[in-house]
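In terms of the numbering used here, the sequence shown opens at residue 143 and continues consecutively.
Think of the CB as a built atom: it goes at the ideal place given N, C-alpha and C, for glycine as much as any other residue.
Here the structure is a predicted model, which means the values were calculated and not measured.
Working notes, beginning with the structure itself.
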Amino acid sequence: MAKQEFEVNAHSAAAPSRVYALLRDGSTWPVWSKLERFELEKASSPEPESVGAIRNFYTGRYKMREQVAELVQDKRFSYTLLSGLALKDYRADIDLTPNGEGTDIRWHTSFRPKVPGMGWIYRRALHKVTHEFAHMLAEYAGKH
């Protein structure tokens with residue numbers, strides 16, 4: 143099945159280190175996004191939410207099980223989706239670039255649908271959610 147990709151961009155008044163800290167700490171996601179709850183399923187090393195950590199996010203009856211895939215201090219936070227949607231090879235790379243006093247946020251997502259013909263539907267829905275997340279993150283980081 144065809145690989146689907148999209149990108150969302152946002153700008154925060156906060157420094158990259160502040161935005162990165164919010165991404166790294168799963169417990170903050172329900173504070174700045176529409177997610178309802180966070181649970182660290184499997185801690186990693188040297189820090190609990192390092193590469194390899196498994197993080198669960200809950201919204202209503204949905205549970206998204208994600209794994210931290212790549213970390214570049216104050217520059218990149220990447221994760222893969224292990225379960226929760228009918229998708230495979232899901233990966234999100236969130237790149238942070240200093241811009242003036244703030245940060246440009248680039249949230250790039252790619253995946254393959256498990257069900258043929260459903261890629262465009264998932265892409266549209268996920269683009270909407272990701273757009274909301276990126277802008278909520280940018281706004282929250284800039285105000286707190």
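| Check | Outcome |
| --- | --- |
| For the putative contact between Pro146 and Ser252, defined by C-beta atoms under 8 angstroms, what is the C-beta separation to the nearest angstrom? | The sequence given here places Gln at residue 146; Pro does not occur at that position. Right, the Cβ-Cβ distance comes to about 7 angstroms (below 8 angstroms), so this counts as a contact. |
| Which same chain residues, not among the five before or five after Val193, have their C-beta less than 8 angstroms away from its C-beta? | Ser186, Val210, Ala211, Glu212, Leu213 |
| Where does Pro188 land, buried or exposed, given buried means 16+ other C-beta within 10 angstroms? | exposed |
| What does Met206 pair with, by DSSP beta-bridge criteria? | Phe199 |
| Helix, strand or coil: how does DSSP classify Glu212 here? | strand |
| Using only the alpha-carbon positions, how far apart do Arg248 and Arg254 sit? | 20 angstroms |
| Under the three-state reduction of DSSP, which class applies to Leu268: helix, strand or coil? | helix |
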